[in-house]
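Sequential numbering of the sequence shown, starting at 3, is according to our numbering.
Step one of this worksheet: look at the structure below.
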Amino acid sequence: MNIAWWQLSLQVPADSAAKVETQLQEAGAEAITFLELDASEALFIEGELWQKSQCQALFAAENHSEASIHALVNMAGWQSYGASVHALEDQDWVSSTQAQFPARQFGKLWVVPSWDQAPQDTRYELHLDPGQAFGTGAHPTTSRCLHFLESHIQGGECIVDYGCGSGILAIAALLLGAKEAYGVDTDSIALRVAKSNAQRNGVAERLRLSLPEATPLPLADILVANILAGPLLSLAPTLAALTRPGGWIALSGILHSQETGIQNAYAPYFNLAAPQHEEDWSLLYGQRKSGD
3 MNIAWWQLSL QVPADSAAKV ETQLQEAGAE AITFLELDAS EALFIEGELW QKSQCQALFA
63 AENHSEASIH ALVNMAGWQS YGASVHALED QDWVSSTQAQ FPARQFGKLW VVPSWDQAPQ
123 DTRYELHLDP GQAFGTGAHP TTSRCLHFLE SHIQGGECIV DYGCGSGILA IAALLLGAKE
183 AYGVDTDSIA LRVAKSNAQR NGVAERLRLS LPEATPLPLA DILVANILAG PLLSLAPTLA
243 ALTRPGGWIA LSGILHSQET GIQNAYAPYF NLAAPQHEED WSLLYGQRKS GD
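Rendered as structure tokens:
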């Protein structure tokens, strides 16, 4: 076997994806992708359900050995991520991996990686590669939010993306016609990635990014929060206070079995519509009540 590549596979909690990606880049990985896993493969940490992703990184065999990859795992503290290293023969594995991520359509919006193209008559293109702070539109939780934004943005809105990750939802909203967007995340690395993605898509001047406690946020015409059921439950009063009366909220990252709890938490503040479903995941949305 003519070994040309070493493939490192890790199962990474969603909140660690951006940090792991940066570490892999610094270690010399030639290609990095994150494959978001099904709900049945979710990870439980301290009683909370966390999404995890399958991270695959390619290292050129001429520069790295199997031993050096295992040493990286130990040095980075990834022993609990189910690390495995496999030898790959000489072929174009980078192109093979890229083929798993074609351009994707969400109504009139297309999310396009750097190696693919949208149809020529596409009006709205969001340029984003997988493996950037966990969020490319491939996972049902993100997909439902993109479809929601595509159908609800009329033009000129103020958007709050709470738990922005890669910035995909805030950037999509701006491309679709929103006036301004605010992205909030607890991960400073994710905020840097979101800023880079906004610059790539020409909307950086209209996107303000911050940690939750860093900057007061305006009342949103539309607020999206693609996070997890536990944080969504505790954040209900906060997110309600950030949404103007009559404004919309969209909540994602929710398993079917968690719908009722989230509905009960948000019903005092919002008139909720029937949930939307995709695979094992639910999107809850509704309009802010007045005076609550």
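By construction, the Cβ of each residue, glycine as well, lies at the ideal position given by its N, Cα and C atoms.
By DSSP, does residue i sit in helix, in strand, or in coil?
i: Val22; result: helix
i: Thr35; result: strand
i: Phe150; result: helix
i: His258; result: helix
i: Gln156; result: coil
i: Gln122; result: coil
i: Asp163; result: strand
i: Leu176; result: helix
i: Ala29; result: coil
i: Leu109; result: Before going on, a small fix: residue 109 reads as Gly here, not Leu. Note: Gly109 maps to coil in three-state DSSP.
i: His66; result: coil
i: Pro104; result: coil
i: Gly185; result: strand
i: His72; result: helix
i: Gly288; result: strand
i: Ser116; result: coil
i: Gln13; result: strand
i: Asn273; result: strand
i: Leu130; result: coil
i: Ala89; result: strand
i: Ser168; result: coil
i: Glu280; result: strand
When we look at the beta-carbon of residue i and count the other beta-carbons within 10 Å, is it buried (16 or more) or exposed?
i: Thr336; result: Coverage of the chain is limited to positions 3 through 294, which leaves residue 336 absent and any answer about it impossible.
i: Glu23; result: buried
i: Arg125; result: exposed
i: Asp58; result: The displayed chain sequence assigns Gln, not Asp, to residue 58. Classification of Gln58: buried, given that the 10 Å Cβ count is 16 or more.
i: Leu213; result: exposed
i: Pro247; result: exposed
i: His66; result: buried
i: His88; result: exposed
i: Ser254; result: buried
i: Thr188; result: exposed
i: Asn228; result: buried
i: Glu159; result: buried
i: Asn199; result: buried
i: Ala69; result: exposed
i: Phe36; result: buried
i: Glu182; result: buried
i: Ala269; result: exposed
i: Thr245; result: buried
i: Ser82; result: exposed
i: Ala20; result: buried
i: Ser292; result: exposed
What is the C-beta distance between residue i and residue j, in whole angstroms, given that I count them as a contact (C-beta under 8 Å)?
i: Arg202; j: His129; result: 6 Å
i: Leu219; j: Val162; result: 6 Å
i: Ala242; j: Arg290; result: 7 Å
i: Leu178; j: Glu152; result: 6 Å
i: Tyr287; j: Ala252; result: 4 Å
i: His154; j: Trp250; result: 6 Å
i: Ala85; j: Leu12; result: 5 Å
i: Phe150; j: Leu285; result: 6 Å
i: Asp131; j: Pro115; result: 5 Å
i: Trp7; j: Ala62; result: 6 Å
i: Val257; j: Asp282; result: Sequence check: residue 257 is Leu here, not Val. The pair is a contact, with the Cβ atoms about 6 Å apart (cut-off 8 Å).
Step through the CB atoms of chain C and report whether any lies within less than 8 Å of the CB of residue i.
i: Pro270; result: This model lacks chain C altogether; it includes just one protein chain.
Quick one: complete alpha helix (DSSP H) runs, 4+ long, within the stretch 204–249?
231–243
Are the stretch 224–242 and the stretch 189–207 touching, with three or more C-beta to C-beta distances below 8 Å?
no
Taking contact to mean at least 3 C-beta pairs separated by less than 8 Å, is the stretch 263–276 in contact with the stretch 113–127?
no
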